[in-house]
Amino acid sequence: MANEEDDPIIQEIDVFLARSLLEKLYLFQYPIRPASMTYDDVTHLSVKIKPKQQKVELEMAIDTLNPNYCRSKGEQIALNVDGTCTDETSTYSSKLMDKQTFCSSQAASNVSRYAAAVYKKGELHLTPLHGILQLRPSFTYLDKADAKHREREAANEGGDSSQDEAEDDVKQITVRFSRPETEQARQRRVQSYEFLQKRQAEEHWVHLHYYGLKDSRSEHERQYLFSQGHGLAENTELIKSPSEYLMMLMPPSIEEENDKPMAPSNVLSMAQLRTLPLADQIKILMKNVKVMPFANLMSLLGSGTDSTAVLRCIQQVAMLVQGNWVVKSDVLYPKDTSSPHSGVPAEVLCRGRDFVMWKFTQDRWVVRKEVAAVTKLCPEDVKDFLEHMSVARINKGWEFMLPYDEDFVKKHPDIVQRQHMLWMGIQAKLEKVYNLLKEHLTPKKQEAQSAHLLLVSGEQRVHMAKAKAKQNYGQLEKELQKQKAEMKSNDTSAKMDVSNIRIKEEPVSDEEPMDTSAYEGMNNGIVNGLHAEEDSTDSLNGHLPGGCIDRVAQELKAFVLSTFKKQFVLTLSELKRLFNLHLASLPPGHTLFSGISDKMLQDMVLDTGCKQILVPFPPQTAASPDELKVYALWEAGDTYDQHRQVLLEIFSKNYRVRRNVIQNQLSQECGEDLNKQEVDRVLK
């Protein structure tokens, strides 16, 4: 208040907004001009503009009669630029540098806050500016002088060779045809600097008329800087409160998108992140971090964020594992996507990653080979799953990367219970898909977590081992008695006629009679290793029942035939990789999930008409044994069967053969001359 009393208002000025030159008024900023240059010399001044680019070029006259002008220097510049001859294309027709060219550049990208003001008779009239252009000297005449100099040097070096010598100098030229331009290449070309420069150069200059300061036309145009009507109805924009009026004069700075530096598509600043809705913020954070404690998430979201709302949103994009939040698989692998390593669809990847997350809910350690054996996915995909949420430890496996968050579990038991129910549902789904066994379902006990490290002497270890052996002996004795009782009860229902079975008699020593006391326990329903119940559906000696074997063989044969019909020649390693991809795409519970060994796969390949090609690879090769086993389809039923067989015979003798040798051998064996296209097709 004291400052306002010391600074009284001296005068009030009415402000008017002029609209006559709206979007037409530009401000030109000139450099400090020398004394020899004038802006009012109309006869020697020309103006041209490119409207789309808002680019202006001015040619201003230089007063050559001024005593400060160096005439000899002006003549030398004109001679260097135009040479000795003078024509219409000359830059300086008077053989003297008598003008200077200025080119414009935009001083500011956003000029909405600038206006030109005119004060007259106690009134201030404002006209918004449409652009501010800074004019700088252009030195293109120096480029022209350099070009003239190079032409003179080229003429001197060429000498006075005659026209006949030029005609005799025949040069070979190469004609090239450009290939059709793709859409991606066209977009790169359109966005290139060279294309933009060319496009700007193609715009034609529009020549303007210049009117001096004292010209009558200039005086007439200058009247448009004043507001045409002083009524309130004409200037309703200025009937505002003081704060709104200042906001109109000085709007907040809003940078255009084109002026912002282009950031990578996967980078988002924290300032930009906090402008998004809460659910989107949490989704982006979890997608980038993948594993995060709840306390860290709250610190990233900023102070004042409601924890209840965060808990509601986090459960939509993440699952609770050992008290920490891990991003859901369908967030990382959306629908209609595939693996960058193996091409497996997103649905299969989500199942495999859910299995890894579920394993970490059971234990802090996961073995990579176990995950690969269950999920049937390639090692690269399994490694990606594990790297998302765990750290590799030498000779131990993969450990969950964050410690167990006891604070969150104690504070939010309802969330923990709800997540536990969700994991129970996921476990039931995984059991059906992967046919999980008991060793997969029961978590392994980690001695390091449940017991402290103790120093035990050797004598104590012996006593502990004896006590453990006595305890195990008692348990084994009870189990043996139980088995004997079950065997005796099954004797009446599973007797078999063994009278026709002849047992080879061996000479028995009188000193050591044969012990037959254990024979009573042998009759347990099995005769010569076979079950007595013929209709049993259990596995027999590790093999599948007959009907299931037939179905598995049919499915395996169909896969082998379709694969070799497409590729003709495969190594065992590549065939196993394709088979694993085929298994990953099959629905849950398919017959091929019962287990296919390498021997079964190789036998089926040979049964379908394929042959193993014994290619003599060099002994120092680094290939694996599976990569050295090569199988080929011997008869495909097409016209190239004979050619293919000859080619396979060639490669069974040498692993590397020249093309001309192959073509000659094919011609001799098949009795016909094959052209290049036919040989290429056979080789392919």
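Quick note, the sequence shown lines up with residues 228 to 911 if you use the numbering used here. Glycine residues also receive a C-beta, built at the ideal position from the N, C-alpha and C atoms.
Please classify residue i as buried or exposed, where buried requires at least 16 other C-beta atoms within 10 Å of its C-beta.
i: Q646; result: buried
i: I289; result: buried
i: K586; result: buried
i: R578; result: buried
i: S566; result: buried
i: F243; result: buried
i: H431; result: exposed
i: F422; result: exposed
i: V308; result: buried
i: I889; result: buried
i: M497; result: exposed
i: S454; result: buried
i: L440; result: exposed
i: I811; result: Here residue 811 is Ala; the residue named in the question, Ile, does not match the sequence. It counts as buried.
i: Y938; result: Lying outside 228 to 911, the shown extent of the chain, residue 938 is not represented and no answer is given.
i: V787; result: buried
i: M651; result: exposed
i: A245; result: buried
i: K856; result: buried
i: M474; result: exposed
i: V601; result: buried
i: Y420; result: exposed
i: K326; result: buried
i: V609; result: buried
i: V433; result: exposed
Could you tell me the distance, in whole angstroms, from the CA atom of residue i to the CA atom of residue j?
i: P488; j: Q280; result: Summary for P488: the model assigns pLDDT 49, below 50, so the residue's position carries little reliability; its value from the coordinates is reported in the next sentence. Cα to Cα, the separation comes out at about 21 angstroms.
i: I541; j: I509; result: 7 angstroms
i: A334; j: Y346; result: 25 angstroms
i: S389; j: S320; result: Model confidence at S389 stands at a pLDDT of 45, short of 50, so the residue's coordinates are unreliable and nothing is read from them.
i: S336; j: N515; result: 35 angstroms
i: I304; j: K251; result: 38 angstroms
i: Q426; j: T401; result: In the sequence as presented, Gln is not what sits at residue 426; that position holds Arg. Roughly 30 angstroms between the two C-alpha positions.
i: V575; j: S556; result: 10 angstroms
i: E658; j: D825; result: 25 angstroms
i: D742; j: E704; result: Note that D742 scores a pLDDT of 40, beneath 50, so its modelled location is shaky; the value from the coordinates is reported in the next line. Approximately 20 angstroms, taken between the alpha carbons.
i: L360; j: Y257; result: 9 angstroms
i: A675; j: W861; result: Low confidence applies here, because A675 scores a pLDDT of 39, under 50, leaving its location unreliable and the question unanswered by this model.
i: N902; j: K838; result: 28 angstroms
i: F791; j: S879; result: 19 angstroms
i: Y472; j: P235; result: 21 angstroms
i: K623; j: R885; result: 50 angstroms
i: V779; j: A863; result: 24 angstroms
i: K695; j: T588; result: 31 angstroms
i: T367; j: C330; result: 10 angstroms
i: N891; j: D900; result: 9 angstroms
i: G205; j: M519; result: Because the chain is modelled from 228 through 911, residue 205 falls outside the range shown and cannot be assessed.
i: R377; j: S317; result: 17 angstroms
i: Y253; j: K322; result: 34 angstroms
i: D777; j: Q847; result: 42 angstroms
i: L503; j: L813; result: 40 angstroms
Whole-angstrom Cβ separation of residue i and residue j, contact assumed at under 8 angstroms?
i: V274; j: Y437; result: 5 angstroms
i: T328; j: S365; result: 4 angstroms
i: R379; j: S332; result: Actually they are not in contact, since the Cβ atoms of R379 and S332 sit about 34 angstroms apart, beyond 8 angstroms.
i: M616; j: V553; result: 5 angstroms
i: Y867; j: V909; result: 6 angstroms
i: Y560; j: A545; result: With a Cβ gap of about 15 angstroms, Y560 and A545 do not count as contacting.
i: A859; j: V796; result: 5 angstroms
i: T291; j: G301; result: 7 angstroms
i: E633; j: W592; result: So it is not a contact: roughly 19 angstroms between Cβ atoms.
i: K784; j: T835; result: 6 angstroms
i: L527; j: V537; result: Contact flag wrong, Cβ pair sits at about 10 angstroms.
If we call anything under 8 angstroms between Cβ atoms a contact, is residue i one with residue j?
i: N643; j: L547; result: Note that residue 643 is Val in the sequence shown here, rather than Asn. Cβ atoms of V643 and L547: closer than 8 angstroms.
i: L512; j: I276; result: no
i: N551; j: L649; result: no
i: A342; j: L353; result: yes
i: V583; j: V594; result: no
i: R340; j: P478; result: yes
i: L828; j: L802; result: yes
i: L248; j: L476; result: no
i: S789; j: D853; result: no
i: F531; j: R501; result: Strictly speaking, residue 531 in this sequence is Gly, with Phe absent from that position. For G531 and R501, no; Cβs fall outside 8 angstroms.
Counting Cβ pairs, one atom from each stretch, are 3 or more of them under 8 angstroms apart for the region 867-875 and the region 889-899?
-> They touch, by the three-pair rule.
Using 8 angstroms as the Cβ pair cut-off and three pairs as the minimum, do the region 595-605 and the region 568-584 touch?
-> A contact exists between the region 595-605 and the region 568-584.
Determine, using beta-carbon pairs with one atom in the region 816-825 and one in the region 841-849, whether at least three such pairs fall under 8 angstroms.
-> The answer is no - the region 841-849 does not touch the region 816-825, with fewer than three Cβ pairs under 8 angstroms.
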